[in-house]
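**Q**
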Amino acid sequence: MKKENNDSNKESIPEKIKENLDLITASGGVLLGIFIIYMSLAFEIHQQDIGGTILIASLLYLLLRKRLLKSSESFDFKPTRKFVYINNIVFFLALSLSVWLIYTTLYSRSLFYFILVAVACASIALEILYSNSKKWDGWDLIKILLIGITLYGGIYYEFPGDIVGVDTRLHNPITQQTIEYGHIIPGQPYSSFPIFHILAAQTSILTSMNVYDSIFSSITFLVAFSTIFIFLLGQKLINTKAGLLAALMFVFGDYVIAFSLAIPMSLGFVFFAIILYLFIASDPKPVLRRIAAFFLYIVLILTHTIAAFALLVTAISLLVWKNINKYINNLSVNKFTIFLGTAIIFSVILLSYWMFAFECPTCSSFFDYSMNALYSGLTKYSIYSGNEELATVQEKVSNYVATNYIEYILDHLGYLIFLGIGIIGTYIWIKSKDEFKVPLSYTMILLFAFIYGFSLVGITAIIPTRWFIFTYVPFALVSAYGLFKLINLINKRFAIMFFLITIFLISFFMITSTISNNDSMLYHNEHTSLCAYKQSQLWGISTINKLFNGSYGSISPYIQGHVDPAILSVNYNFSKDKDKMYVIRKDAFIYPRLWTTMLERAGAGATPYILDEEFKKRVELNSNEIYDDGEIWGYVIKYQ
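The numbering of the sequence shown is our numbering, which starts it at 17 and goes up by one.
Have a look at this one:
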């Protein structure tokens, strides 16, 4: 008898773990939140907001668990026809006014612009609640696409005659040269990863558009268009309304806006979203899905390294958690198009090409470069190296929080709300025995661990800030799911108001964040960097180049303003730069327009500087001013 009881107890323990996996994970979230807060206070990591959000969301789930699990994952209400007309008028009026503001105001976007875009987003969210037909679904998707094009295009075309960003400025001339030569130039940057430039060049040739417009049409537009696959994923995993809301929440995501600028990684993300959908989509011909996914992965490898590696990590994680979920819940997982062979083939192809890419007599392969960067991060800049200068996730963990915490919170409020709701949705998904939801949830947690974990120990070789856009794909799904679950706990009359306020706040603070908004900062201007020139500044630099035939000194007007940190020292000897030209933007004394000339370690951004009046006095004492147009100063260093 005792033996039978012992056997039943042994059998009940695994069953209890399976039934309470969400509780275990949420309890771990509480402990993680407390740990992050402690580490932030003890070592000045400045992640109290992240730890607090995890802690609060985990506690809320533990308190509301039973009600959340029983609540509906959708929401319906039937408005009057007049209400529907008014809502559509509000959307198009807000969107039209926002476009008009961009068109009539160069080089900046006003606070009113951001409010209008947030109102348009809230209007779409409201329409999602009462849309109950395929006709409305298509209409909502078109509106979401318009929001994306407005946000991404507004930044792209905000500086007529110039290119916003650093990497974008590099890819424009490469595309132009590709058109002129008719082929990819060997040995040129990205010659081993040419898909971006080939696609942009083809678009330019076929449409007769200039390079600048063709890059936007072939790349940035596709980033906005990729929200359709977010919708399809949400529709497959949850329902149509949740899919639409996930697409909306994704399109105004801070890092989505930041990486909507036309760079190879942005195009790589488009392929990432399509392949992830192919892994999950139901299809009567799964073989065709696998062939399409395999072909797109080859294209992805030839597009960008981080995007390809992010997909490989995602595929391996989904494979592992698919099998764990299958074992725990005794599921048949025939619909999940990820097998051991898929992960092995993807890994072999990726590593093989990385060993070949960039291989030339004067440089190592990309694989060697990556391994060296990782080794350097471990031995020189991680906590294991004894180096006190530890890397952080630059936009989420920053020193400025120590001086102005309120502005820091406002800057990250949209992300924090998004994160908190998503955490609640994730716990609910983990409780599910669904073939797809559990593996996706734990894969998403793994991606966040890559972002924050590597950075907190000082390893930035994986460039963690670029992983957010990939993580936002599943996270937008769980956030939309979590929000629907939450509003169903509230009285219907107040639920709609809570829903609209939440979407308005997330969208407003996401699009005004310094991550996605470097041109019209609402918070701590001294901690953002604008990588673009006004037309008058470009004319000034062009004029100086015509007037001066010599070389430039320690400050030069290239992609970003570059500065040798040594020149900022009061003991700097200007005679080293005699007869050289210093070209200085006047706003470099207000904003961080100057950066160190070299990266101090792989994957880490150079340090920004703001000049002061003391520096200007020292330059004027040691130079002759030859140019001043109100935007640009030109100084030639004198003989000492």
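Built from N, CA and C at the ideal position, the CB exists for glycine as well.
(1) Kindly list the residues whose CB is nearer than 7 Å to the CB of I279, restricted to its own chain and excluding five residues on each side of it in sequence; keep chain order.
(2) Among the residues of its own chain, which have a CB less than 6 Å from the CB of V135, if the five just before and after it don't count?
(3) Reducing DSSP to helix, strand and coil, say where G646 ends up.
(4) On the criterion of 16 or more Cβ atoms from any shown chain inside 10 Å, does I221 qualify as buried, or is it exposed?
(5) Is there contact here, the region 532-539 with the region 441-461, by at least three beta-carbon pairs under 8 Å?
(6) To the nearest angstrom, how far is it from the Cα of G569 to the Cα of I332?
(7) If you compare alpha carbons, which of I531, A582 and L493 is closest to T256?
(8) Does the separation of the CB atoms of A141 and L261 fall below 8 Å?
(9) How would you label S639, buried or exposed, when you count the other beta carbons within 10 angstroms and need 16 or more for buried?
(10) Is DSSP giving M597 helix, strand or coil here?
(11) Quick one, are the C-beta atoms of S459 and P480 less than 8 Å apart?
(12) For E641, name the three-state secondary structure that DSSP assigns.
(13) Just to confirm the assignment, what range does the alpha helix (DSSP H) spanning V196 have?
(14) Exposed or buried, L127, counting other C-beta atoms within 10 Å across all chains shown (16 or more means buried)?
(15) Leaving out the 5 sequence neighbours to the left and right, which residues in its chain are closer than 7 Å to I356 when beta-carbon positions are compared?
(16) At which residues does the alpha helix (DSSP H) containing Y369 begin and terminate?
(17) Given this structure, state the Cα-to-Cα distance separating T650 from S567, to the nearest angstrom.
(18) If E630 and H540 are in contact, beta carbons under 8 Å, what's the gap, nearest whole angstrom?
(19) How is the alpha helix (DSSP H) around Y488 delimited, first residue to last?
(20) Is V454 helix, strand or coil when you go by DSSP?
(21) Tell me, to the nearest whole angstrom, how far the beta carbon of I235 is from that of A216; I am working on the premise that it is less than 8 Å.
(22) What ranges does the alpha helix (DSSP H) occupy inside the region 267-325, keeping only unbroken runs of at least 4 residues that lie completely in it?
(23) Using a 10 Å radius around the Cβ and a threshold of 16 neighbouring Cβ atoms, would you call R83 buried or exposed?
(24) Kindly indicate which residue of S56, K86, Q64 and S43 has the alpha-carbon position closest to the one of S448.
(25) Go through the region 26-105 residue by residue and report every complete run of the beta strand (DSSP E) that reaches 3 residues or more, in order.
(26) Rank Y119, Y54 and L248 by C-alpha distance to the C-alpha of G154 and give the top, closest one.
(27) What do you reckon, are the CB atoms on I433 and T518 nearer than 8 Å?
(28) For the candidate residues I606, L75 and I273, whose alpha-carbon lies nearest to that of T528?
(29) Count the other C-beta atoms from every protein chain shown that fall within 10 angstroms of the C-beta of W116, then say buried if there are 16 or more, exposed otherwise.
(30) Quick one: what does DSSP say I575 is sitting in, helix, strand or coil?
(31) Identify the residues that DSSP records as bridge partners of K653: which are they?
(32) Using 10 angstroms around the beta-carbon of P176, count the other beta-carbons present and answer buried if the total reaches 16, otherwise exposed.
(33) For the alpha helix (DSSP H) containing D153, name the first residue and the last one.
(34) Using three-state DSSP, classify Y421 as helix, strand or coil.
(35) Could you compute how far the alpha carbon of S24 sits from the alpha carbon of E31?
(36) Quick one: any contact between the region 203-217 and the region 49-60, if contact means 3 or more CB pairs under 8 Å?
**A** This is what the structure holds:
(1) In the same chain as I279, and ignoring 5 residues on each side of it, the C-beta atoms closer than 7 Å to its own belong to D183, T184 and H187, in chain order.
(2) Excluding sequence neighbours, V135 sits near A110.
(3) Secondary structure of G646 (DSSP, three-state): coil.
(4) By the 10 Å Cβ count, I221 comes out exposed.
(5) Touching, no.
(6) Taken atom to atom, the span from the alpha-carbon of G569 to that of I332 is near 49 Å.
(7) The candidate whose alpha carbon is nearest that of T256 is L493.
(8) It is a contact, given that the beta carbons lie within the stated cut-off.
(9) The residue in question, S639, is buried, as its Cβ has 16 or more Cβ neighbours within 10 Å.
(10) Correct three-state label for M597: strand.
(11) One detail in the question is off: residue 459 reads as Thr in this sequence, not Ser. The answer is no: Cβ separation not under 8 Å.
(12) Looking at E641 - three-state DSSP - the assignment turns out to be strand.
(13) It is worth fixing the name first, because residue 196 is Glu in this sequence and not Val. Per DSSP, E196 belongs to the alpha helix (DSSP H) from D183 to Y197.
(14) Label assigned to L127: exposed.
(15) Note on residue identity: the sequence assigns Leu, not Ile, to residue 356. Counting only Cβ-Cβ distances below 7 Å, and skipping sequence neighbours, we find L335.
(16) Residues L356 to F372.
(17) A quick correction: the sequence has Gly, not Thr, at residue 650. The straight-line gap separating the alpha-carbon atoms of G650 and S567 is approximately 13 Å.
(18) Not a contact, Cβ separation roughly 22 Å.
(19) For Y488, the uninterrupted alpha helix (DSSP H) run begins and ends at F484 to I503, by DSSP.
(20) Helix, per DSSP.
(21) Approximately 7 Å separates the beta-carbon atoms of I235 and A216; this is inside 8 Å, confirming the contact.
(22) Runs of the alpha helix (DSSP H) inside the region 267-325: 270-274, 280-296 and 302-317.
(23) Exposed, because fewer than 16 other Cβ atoms sit within 10 Å of the Cβ of R83.
(24) Ranked by Cα distance from S448, the options S56, K86, Q64 and S43 are led by K86.
(25) Correct list: empty.
(26) Ranking the options by Cα distance to G154, first place goes to L248.
(27) One thing to note: I433 has its Cβ within 8 Å of the Cβ of T518.
(28) The option with the nearest alpha carbon to T528 is I273.
(29) Its Cβ having fewer than 16 others within 10 Å, W116 is exposed.
(30) In this predicted model, I575 has a pLDDT of only 49, less than 50, meaning its place in the structure is not dependable; the value taken from the coordinates is given anyway. Collapsing the DSSP output to three states places I575 in coil.
(31) Strictly speaking, residue 653 in this sequence is Ile, with Lys absent from that position. For I653, the beta-bridge partners assigned by DSSP are S639.
(32) Around the beta-carbon of P176, fewer than 16 other beta-carbon atoms lie within 10 Å, marking it exposed.
(33) Note, D153: alpha helix (DSSP H), K150 to Y172.
(34) Reduced to three states, the DSSP call for Y421 is helix.
(35) Only weak support is given to the placement of S24: the predicted model assigns it a pLDDT of 49, under 50, and the value that follows is read from those uncertain coordinates. One alpha carbon belongs to S24, the other to E31, and they sit about 11 Å apart.
(36) Touching, no, given that fewer than three Cβ pairs across the two stretches are closer than 8 Å.
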